[in-house]
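Note sheet for the following structure.
In full-length UniProt numbering, the protein residues as written are 1 to 257.
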């Protein structure tokens, strides 16, 4: 069975078995896309798999709605008519805890890396596979849900090498008292490390998924962002070490409060 592509929406009612097993009306997704046909296809795809969905043709419209209702995830087109999508993403993540999936026709890797650097959870390029879009949406929601549950039920603070991370607020405090607010994606990766120090973790383990594409570099971006905060020399990291061909290793002792 061929997977529908952008421009080829699923046939009405053509839900696969178990389409509503993950996601549902409790998961609200904002689609911020100015191309009507693309927005229609994204909304139809998400609704077909059981997600609640609201569509906005401009960044300003989405920000106004954000003051009234907070979504679980925002799908943001980088090329909006009234503002740059990266700026919109910064404003959304500052005002809410929503995940961010970047939907872009920009083919240059720098645009995608910049989006991830600024706090995006993942990205999809146009044209896109409908099932890939849904899989990435589910993956983001699952990771964020697991991170929230862990923060609510497990120990609140962890310390390593003079650093302290508060899981309730995602505030990382340096030995000199400087505070850094981590995005959800960064905090999730750091937690994976801290819960299993001195162990080699694969990219899939760090992202909490088993269906990571070989071309997906999102984990590398998050590792880079963490290293910029906690490493004295990012060119010769001593805490988050790369184990070539295997993954990464957190080389620090951890204490819990």
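Glycine is no exception: its CB is placed at the ideal position from the N, C-alpha and C atoms.
Spatial distance of residue i from residue j (CA atoms)
{"i": "residue 21", "j": "residue 138", "result": "Residue placement at residue 21 is flagged as unreliable, the pLDDT there being 41, under the threshold of 50; a coordinate-derived value is accordingly withheld."}
{"i": "residue 65", "j": "residue 92", "result": "11 Å"}
{"i": "residue 202", "j": "residue 234", "result": "20 Å"}
{"i": "residue 23", "j": "residue 135", "result": "In this prediction, residue 23 scores a pLDDT of 41, lower than 50, which makes its location untrustworthy; the coordinate-derived value is nonetheless stated afterwards. For residue 23 and residue 135, the distance between alpha carbons rounds to 11 Å."}
{"i": "residue 41", "j": "residue 182", "result": "33 Å"}
{"i": "residue 123", "j": "residue 218", "result": "9 Å"}
{"i": "residue 205", "j": "residue 246", "result": "11 Å"}
{"i": "residue 230", "j": "residue 252", "result": "11 Å"}
{"i": "residue 126", "j": "residue 43", "result": "15 Å"}
{"i": "residue 293", "j": "residue 237", "result": "The question about residue 293 has no answer, for the chain in this structure spans 1 to 257."}
{"i": "residue 129", "j": "residue 101", "result": "14 Å"}
{"i": "residue 241", "j": "residue 140", "result": "25 Å"}
{"i": "residue 239", "j": "residue 190", "result": "11 Å"}
{"i": "residue 170", "j": "residue 184", "result": "8 Å"}
{"i": "residue 105", "j": "residue 113", "result": "14 Å"}
{"i": "residue 207", "j": "residue 68", "result": "31 Å"}
{"i": "residue 143", "j": "residue 188", "result": "8 Å"}
{"i": "residue 198", "j": "residue 166", "result": "21 Å"}
{"i": "residue 250", "j": "residue 232", "result": "15 Å"}
{"i": "residue 153", "j": "residue 39", "result": "The predicted position of residue 153 is uncertain, since its pLDDT is 47 and thus under 50; no value can be drawn from it."}
{"i": "residue 110", "j": "residue 75", "result": "19 Å"}
{"i": "residue 47", "j": "residue 172", "result": "37 Å"}
{"i": "residue 131", "j": "residue 177", "result": "45 Å"}
{"i": "residue 84", "j": "residue 160", "result": "38 Å"}
{"i": "residue 164", "j": "residue 36", "result": "46 Å"}
Proximity below 8 Å, CB of residue i to CB of residue j
{"i": "residue 56", "j": "residue 29", "result": "no"}
{"i": "residue 254", "j": "residue 194", "result": "yes"}
{"i": "residue 121", "j": "residue 145", "result": "no"}
{"i": "residue 115", "j": "residue 82", "result": "no"}
{"i": "residue 226", "j": "residue 186", "result": "yes"}
{"i": "residue 174", "j": "residue 156", "result": "no"}
{"i": "residue 45", "j": "residue 103", "result": "no"}
{"i": "residue 117", "j": "residue 221", "result": "yes"}
{"i": "residue 34", "j": "residue 80", "result": "yes"}
Residue i - containing alpha helix (DSSP H), residue span
{"i": "residue 87", "result": "85-95"}
{"i": "residue 193", "result": "184-195"}
{"i": "residue 220", "result": "218-230"}
{"i": "residue 48", "result": "36-48"}
{"i": "residue 206", "result": "203-207"}
Endpoints, the beta strand (DSSP E) within which residue i is located
{"i": "residue 52", "result": "52-56"}
{"i": "residue 157", "result": "157-160"}
{"i": "residue 59", "result": "Segment 59-66 is the alpha helix (DSSP H) holding residue 59; no beta strand (DSSP E) there."}
{"i": "residue 122", "result": "122-125"}
{"i": "residue 77", "result": "73-77"}
{"i": "residue 250", "result": "247-250"}
{"i": "residue 241", "result": "240-243"}
{"i": "residue 166", "result": "163-166"}
{"i": "residue 180", "result": "179-181"}
{"i": "residue 254", "result": "It is not in any beta strand (DSSP E) - residue 254 carries neither H nor E in the DSSP assignment."}
{"i": "residue 173", "result": "171-173"}
{"i": "residue 99", "result": "99-104"}
{"i": "residue 28", "result": "28-32"}
Assumed close pair residue i, residue j - CB separation to whole angstroms, cut-off 8 Å
{"i": "residue 77", "j": "residue 32", "result": "6 Å"}
{"i": "residue 95", "j": "residue 256", "result": "Actually they are not in contact, since the Cβ atoms of residue 95 and residue 256 sit about 31 Å apart, beyond 8 Å."}
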